[in-house]
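Residue numbers (our numbering): 948 to 1024. Everything below concerns the one structure shown next.
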């Protein structure tokens, strides 16, 4: 490592990045499930397009919050 960054800082950045990746993966899986169920419901003849769009945003919110937290952690180091 360089003199500007210590092992502790490197570990914190790595941990924050790893946590962001894990949260983003879970968020993407859940968002895909919500959208797939919405598509299946629309295909079955139900009028759930608006509800599907609204509900698809909620799993993405977790990824956005994790990204913001990672940005704040890396900015404070």
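Ideal Cβ positions, reconstructed from N, Cα and C, are used throughout, including at glycine. Since this is a predicted model, take the numbers as computed values, not measurements.
Proximity to residue i [Cα-Cα], best of the options
i: residue 995; options: 1005, 984, 951; result: 984
i: residue 1016; options: 965, 954, 993, 951; result: 965
i: residue 1019; options: 963, 1001, 957, 988; result: 963
6 Å CB neighbourhood of residue i in its chain, flanking five on each side removed
i: residue 1013; result: 967, 970
Proximal residues to residue i (C-beta, below 7 Å), its chain only, five neighbours per side dropped
i: residue 1007; result: 974, 978
i: residue 951; result: none
i: residue 959; result: 1020, 1024
Range covered by the alpha helix (DSSP H) that runs through residue i
i: residue 951; result: No alpha helix (DSSP H) contains residue 951, which DSSP labels as neither H nor E.
i: residue 1004; result: 996–1023
Cut-off 8 Å between Cβ atoms - residues of its own chain near residue i, not counting five sequence neighbours on either side
i: residue 1003; result: 978, 981, 982, 985
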